[in-house]
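Visitor:
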Amino acid sequence: MPVSAVGVALHRSAHEHPPRLRIDNWRPYVGILGVLLGSIMGTLGSRTTSFGLADLRGGIHAGFDEGAWITTIFGVGQMLVGVASPYLGAVFGARRMLLTGIIIFFLASLLAPLTTNLTGFLVLLALGGIGSGTFIPLTISFVIRSLPAQLVIYGLAVYSMNSELSQNVAASLEGWYADHWSWQWIYWQYCLALPAMLAAIWYGVPREPINAKLLGDFDLWGLAYASIGFAMLYAGLDQGNRLDWTSSGLVIGLLVGGGTLAFAFLVHELTATRPFLNLGLLLHGNLALMLLTLAAVRFIVLSTAYVIPSYLQAVQNFRELQVGQVLLWIALPQLIIVIPLGALLRRVDGRYVLAFGTALLGVACLMAAELTAVWATADFLPSQVLQAVGQSFALTAITVLSVRSIVPLEALTIGCLLQLSRLFGGEIGTAFMQTFVRVREQIHSNMIGQHMTGGSALTADRLAAYAGRLNAHMADAALVGSQSARLLATAVAAQANVLAYQDAFLAAAGGTAVCLLLVALMRPGRPAPF
Numbered sequence: 002m003p004v005s006a007v008g009v010a011l012h013r014s015a016h017e018h019p020p021r022l023r024i025d026n027w028r029p030y031v032g033i034l035g036v037l038l039g040s041i042m043g044t045l046g047s048r049t050t051s052f053g054l055a056d057l058r059g060g061i062h063a064g065f066d067e068g069a070w071i072t073t074i075f076g077v078g079q080m081l082v083g084v085a086s087p088y089l090g091a092v093f094g095a096r097r098m099l100l101t102g103i104i105i106f107f108l109a110s111l112l113a114p115l116t117t118n119l120t121g122f123l124v125l126l127a128l129g130g131i132g133s134g135t136f137i138p139l140t141i142s143f144v145i146r147s148l149p150a151q152l153v154i155y156g157l158a159v160y161s162m163n164s165e166l167s168q169n170v171a172a173s174l175e176g177w178y179a180d181h182w183s184w185q186w187i188y189w190q191y192c193l194a195l196p197a198m199l200a201a202i203w204y205g206v207p208r209e210p211i212n213a214k215l216l217g218d219f220d221l222w223g224l225a226y227a228s229i230g231f232a233m234l235y236a237g238l239d240q241g242n243r244l245d246w247t248s249s250g251l252v253i254g255l256l257v258g259g260g261t262l263a264f265a266f267l268v269h270e271l272t273a274t275r276p277f278l279n280l281g282l283l284l285h286g287n288l289a290l291m292l293l294t295l296a297a298v299r300f301i302v303l304s305t306a307y308v309i310p311s312y313l314q315a316v317q318n319f320r321e322l323q324v325g326q327v328l329l330w331i332a333l334p335q336l337i338i339v340i341p342l343g344a345l346l347r348r349v350d351g352r353y354v355l356a357f358g359t360a361l362l363g364v365a366c367l368m369a370a371e372l373t374a375v376w377a378t379a380d381f382l383p384s385q386v387l388q389a390v391g392q393s394f395a396l397t398a399i400t401v402l403s404v405r406s407i408v409p410l411e412a413l414t415i416g417c418l419l420q421l422s423r424l425f426g427g428e429i430g431t432a433f434m435q436t437f438v439r440v441r442e443q444i445h446s447n448m449i450g451q452h453m454t455g456g457s458a459l460t461a462d463r464l465a466a467y468a469g470r471l472n473a474h475m476a477d478a479a480l481v482g483s484q485s486a487r488l489l490a491t492a493v494a495a496q497a498n499v500l501a502y503q504d505a506f507l508a509a510a511g512g513t514a515v516c517l518l519l520v521a522l523m524r525p526g527r528p529a530p531f
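Numbered according to this note's numbering, the sequence shown spans residues 2 to 531.
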C-alpha cells in the first residue's frame, strides 16, 4: 500500500515532538476549545445563510437566480480547501493553517455585509468558505494527537455534537438577527467568535516547524484534480434542482467536468509514489463502509433538516424564528447526552451504537411521516427528540469507528475523508430531497386535480362553501367566484405539499434501512487504543 506524504510527515513529526501532551497541561484543552469552536462555525456558515437567503438577496439587491449562488459559493470554497488542508497542515503545521483560516474568515465576514455589489459579495463568500474550510479537517487530527488516550473518545463525541448542534440552531439565530438586528449579523456573528478562537489556537495549539522535506513530494496534480473536481461536483449538485438538472448545460458541465477530474484524482492517487491522500486506507478494514455510512446518515439528517423547515414555511407560513423552535429540539438533547455517549462507546462495540442510532432515526422519520396540514411546532416534538438522540448516537459512533480503524499517522487523511463524506452526503441529501419533494408535489397536485372534475358534487360543495363565506364581504358575484376558485387552488396546493412531505419522510426512513445494511456488513475491528 503506498504511504501518503502526509503520513510520512506525521511519522517524522512523531519522533521530533512528544506524541501526546500530559493531562495536567492545560494548553491542549484550550486548543481543543478553539478547534471545536471552529467546527461549529464551519457548519453554521452555510446553514445560517440558507435560512437568511431572502434577507440577503434584498440586502444586496440580487434577483432570485443571482442570489441562488450565495449559498453555493460558500460551500465551494470549503470544498476547495477541505481537500488540501491535510497536506497543507502537514507542511506548515495545523496552527499556522488554522490561524490563517481564522484571519481570512474574519476579514471576509467583516467586509461581506458592507458590499452591495453582488460580484464582490460572492468573492468574499468564497474567501470565507476557504478560510472556514480549514477548521473541520484539522480538528480531528488535533483531538487525536493532543488529548490523553482516555479522553480522545470524549473529544470525538464533542466534535460530532458540535457540527450537528450548529446546524440546528442556525434558523433561530437567523430569525433573531432578522427580527431584532439586521441581516448583516448573519456574517458579523463570526467576528464576535473568531477572536476567541484565534486566542485559543494561539495559546493551545503547539508551534510546529515548517516541513520543507515534504515539499519535495508535492502532489500538485492530485491536489488540483481533487480540489477543482470536488468543488465542481458540489456546485452542480447545489444548483441542479433550481436549473432542472439535465435541462441545464451549466449543471451538466459542472457534473461531467467535476466527475472527470474526480476520476483522474482517484487514478493519480492510487498510482502515485507519494500521494497527498492515502486512498489505500479505503481498503483497510471497514473504513470504506464507514464513510459510505457517514454519507448515508448525513443524507438522512440533511433531508429531514430540509423537509421540516420547508413544510413549516410552505404550508404554515412560519418565519425562521418559529422554524428554529422545532429544530432546537434536535440540538438541545445533544448537549445532555454527549458525555454519557462517549462513556458508552468506551465499553460497547461502536457498531451496535451506530445501528441503534440509525434505527431511532428510522422510527423518527416514520413518526414524522404521519404529518397533516395542521401540524405545527408541538406536533414535531416527539419525532425530533427521538431524531436528536438517534443522530447523536449514529454520527458519534461513525466518527469513533472511523478514527479507530486507522493509525494516528494518517489522522489528517481521515479528517479529509470524513469532511468529504460529510459535505457530499449532506449535499446529495439536500439536492435529492429538493427534487423529490418538487416532483412528488407535482404528481400529487395532478392526481388531486384529476379528481376535481368540473361536475363533481364535492367540488361544487366546496366552492359553494367558499362563496358563502365571501358573500358577506363582497357584493360582486364574479369576484366571489374567482376568489372561491383561488381558495380551492390554494387548498389543493397545500394538500399536495403535505403528501409530498409525507413521501419525503418515508424516503428518509428507507435510507435508514440502507444504513443498517451497511452496518451489518462491517466486521469487528481491532482492539481500540482509546
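Idealized CB from N, CA, C, for every residue including glycine.
#1: What is the C-beta distance between G176 and R320, in whole angstroms, given that I count them as a contact (C-beta under 8 Å)?
#2: Roughly how many angstroms lie between the CA atoms of H285 and V31, to the nearest whole one?
#3: With a 10 Å radius around its C-beta and 16 neighbouring C-beta atoms as the bar for buried, classify P341 as buried or exposed.
#4: Can you tell me which of the three DSSP states L157 falls into?
#5: Can you give the Cα-Cα distance for L193 and M42, rounded to whole angstroms?
#6: Is it right to say E428 is buried, meaning 16 or more other beta carbons lie within 10 angstroms of its own, or is it exposed?
#7: Hey, would you say G35 sits closer than 8 Å to I154, going by beta carbons?
#8: Rounded to a whole number of angstroms, what is the C-alpha to C-alpha distance between L221 and I141?
#9: Just verifying my parser: in three-state terms, what is the DSSP assignment at A69?
#10: May I have the straight-line CA-CA distance separating I24 from F136, to the nearest angstrom?
#11: Quick one: Cα of D245 to Cα of G68, how far?
#12: With DSSP collapsed to three states, give me the class of T513.
#13: Tell me the residue span of the alpha helix (DSSP H) that contains R275.
#14: Considering R243, what are the terminal residues of the alpha helix (DSSP H) in which it resides?
#15: Take L125 and list the residues in its own chain whose beta-carbon comes closer than 7 Å to its own, dropping the five residues that flank it on each side.
#16: Can you tell me whether I104 is buried or exposed, with buried defined as 16 or more other CB within 10 angstroms of its CB?
#17: For C417, which option in A236, F277, L500 has the closest C-alpha, if you only look at C-alpha atoms?
#18: Hey, could you find the ends of the alpha helix (DSSP H) D56 is sitting in?
#19: With distances taken Cα to Cα, identify the nearest neighbour of T50 among W189, F357, A150.
#20: Mapping the DSSP letters down to three states, classify E17 as helix, strand or coil.
#21: Do the CB positions of G223 and F266 come within less than 8 Å of each other?
#22: Hey, how far is the Cα of L280 from the Cα of S147?
#23: In whole angstroms, give me the CA-to-CA distance for Q443 and G217.
#24: For R146, report the span of its alpha helix (DSSP H) as first-last.
#25: Flag this pair as touching only if the region 226-235 and the region 251-264 have three or more C-beta atom pairs under 8 Å; answer yes or no.
#26: Among A497, G363, G130, T436, whose alpha-carbon lies nearest the alpha-carbon of A389?
#27: Considering only heavy atoms of the ligand MN, does any lie closer than 7 Å to the CB of W177?
Guide: To lay it out plainly:
#1: Numbered from its first residue, the sequence shown carries residue 176 at position 175. Numbered from its first residue, the sequence shown carries residue 320 at position 319. About 6 Å separates the two Cβ atoms, so the contact holds.
#2: Within the sequence shown, the letter at position 284 stands for residue 285. Within the sequence shown, the letter at position 30 stands for residue 31. The alpha-carbon atoms of H285 and V31 are separated by roughly 33 Å.
#3: Translated into positions along the sequence shown, residue 341 becomes position 340. With fewer than 16 other beta carbons inside 10 angstroms of its own, P341 counts as exposed.
#4: Translated into the one-based positions of the sequence shown, residue 157 becomes position 156. Of the three classes helix, strand and coil, the one that applies to L157 here is helix, per DSSP.
#5: As a first step, residue 193 is located in the sequence shown; it is residue number 192 there, counting from the start. As a first step, residue 42 is located in the sequence shown; it is residue number 41 there, counting from the start. Cα-Cα distance, rounded: 11 Å.
#6: Counting from 1 along the sequence shown, the entry for residue 428 is found at position 427. The residue in question, E428, is buried, as its Cβ has 16 or more Cβ neighbours within 10 Å.
#7: Stepping through the sequence shown from its first residue, residue 35 is reached at position 34. Stepping through the sequence shown from its first residue, residue 154 is reached at position 153. Between G35 and I154, the C-beta gap is not smaller than 8 Å, which leaves the two residues out of contact.
#8: The residue labelled residue 221 in the question sits at position 220 within the sequence shown. The residue labelled residue 141 in the question sits at position 140 within the sequence shown. So the alpha carbons of these two residues sit roughly 24 Å apart.
#9: If you number the sequence shown from 1, residue 69 lands on position 68. In this structure, A69 counts as coil in the three-state DSSP scheme.
#10: For the purposes of this step, residue 24 is identified with residue 23 of the sequence shown, where counting begins at 1. For the purposes of this step, residue 136 is identified with residue 135 of the sequence shown, where counting begins at 1. Residue placement at I24 cannot be trusted, given a pLDDT of 45 that sits under 50; what the coordinates show is reported in the next sentence. Taking the CA atoms as reference points, I24 sits about 24 Å from F136.
#11: Start at 1 with the first residue of the sequence shown, and residue 245 comes out as number 244. Start at 1 with the first residue of the sequence shown, and residue 68 comes out as number 67. In a straight line, the C-alpha of D245 is about 17 Å away from that of G68.
#12: Reading the sequence shown from its first residue, position 512 is the one you call residue 513. In the structure shown, T513 sits in a helix (DSSP, three-state: H, G or I).
#13: Against the sequence shown, residue 275 aligns to sequence position 274. Counting along the chain, R275 falls outside any alpha helix (DSSP H), and DSSP gives it neither H nor E.
#14: Against the sequence shown, residue 243 aligns to sequence position 242. Counting along the chain, R243 falls outside any alpha helix (DSSP H), and DSSP gives it neither H nor E.
#15: By one-based count along the sequence shown, residue 125 stands at place 124. Excluding positions up to five away in sequence, the list reads A109, L112, A113, T116.
#16: As a position in the sequence shown, residue 104 is number 103, starting the count at 1. In this structure I104 is exposed. Its beta-carbon is surrounded by fewer than 16 other beta-carbon atoms within 10 angstroms.
#17: As a position in the sequence shown, residue 417 is number 416, starting the count at 1. Comparing alpha carbon positions, the residue from A236, F277, L500 closest to C417 is F277.
#18: Here residue 56 corresponds to residue number 55 of the sequence shown, with the count starting at 1. Bounds of the alpha helix (DSSP H) holding D56 are 54-60.
#19: Taking the first residue of the sequence shown as 1, we reach residue 50 at position 49. The shortest C-alpha separation from T50 is found at W189.
#20: Here residue 17 refers to the residue found at position 16 when the sequence shown is read from its first residue. Here E17 scores only 45 on pLDDT, less than 50, and its place in the model should not be relied on; the value that follows carries that caveat. If DSSP states are grouped into helix, strand and coil, E17 belongs with the helices.
#21: Your numbering for residue 223 matches position 222 in the sequence shown. Your numbering for residue 266 matches position 265 in the sequence shown. Less than 8 Å separates the beta-carbon of G223 from that of F266.
#22: As a working note, residue 280 is residue 279 in the sequence shown. As a working note, residue 147 is residue 146 in the sequence shown. Taking C-alpha positions only, L280 is separated from S147 by approximately 25 Å.
#23: As a first step, residue 443 is located in the sequence shown; it is residue number 442 there, counting from the start. As a first step, residue 217 is located in the sequence shown; it is residue number 216 there, counting from the start. Spanning the two alpha carbons is a distance of roughly 57 Å.
#24: One-based indexing of the sequence shown puts residue 146 at position 145. Where R146 is concerned, the enclosing alpha helix (DSSP H) stretches over 136-147.
#25: These segments touch.
#26: Your numbering for residue 389 matches position 388 in the sequence shown. When only C-alpha atoms are compared, the closest one is G363.
#27: Of the ligands one can find in the structure shown there are none, so the ligand MN has no counterpart to examine.
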